[in-house]
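Chemist: Numbering (the working numbering), first residue to last: 49 to 123.
The C-beta atom is built at its ideal place from N, Cα and C for all residues, glycine as well.
From a predicted model like this one, the values you see are computed outputs, not experimental measurements.
Take this structure, written in structure tokens, and hold onto it; I'll ask about it next.
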Ligand SMILES: [Zn+2]
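Okay, here's the thing in structure tokens:
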């Protein structure tokens with residue numbers, strides 16, 4: 049199985065999950081894409097406070113955007 053590493057935090061772990069409904073809605077708005085089903089968010093911890101990387105990738109593409117795009121923190 050292909051490893052889902054993260055370009056932004058260089059995580060080699062497969063700590064990615066698919067987007068929740070409201071996250072997918074945000075990404076659609078942000079990118080103008082109509083279908084964001086393949087997108088995944090990196091869950092690698094960035095610091096001791098439990099902050100996560102939240103970098104977005106697709107299952108097959110580590111760098112789907114020109115600049116890394118991070119999912120906003122839940123409010
Ligand atoms: Zn990451």
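Is it buried or exposed, residue 87, if we count other Cβ atoms within 10 angstroms and call 16 or more buried?
Modeler: buried
Chemist: Going by alpha carbons, who is nearest to residue 119 out of 57, 59, 72?
Modeler: Checked all of 57, 59, 72; the closest Cα to residue 119 is 72.
Chemist: Can you list, in chain order, the residues of its chain whose CB lies under 7 Å from that of residue 92, leaving out five sequence neighbours each side?
Modeler: 54, 57, 59, 61, 63, 100, 101
Chemist: Which of the three DSSP states, helix, strand or coil, is assigned to residue 75?
Modeler: helix
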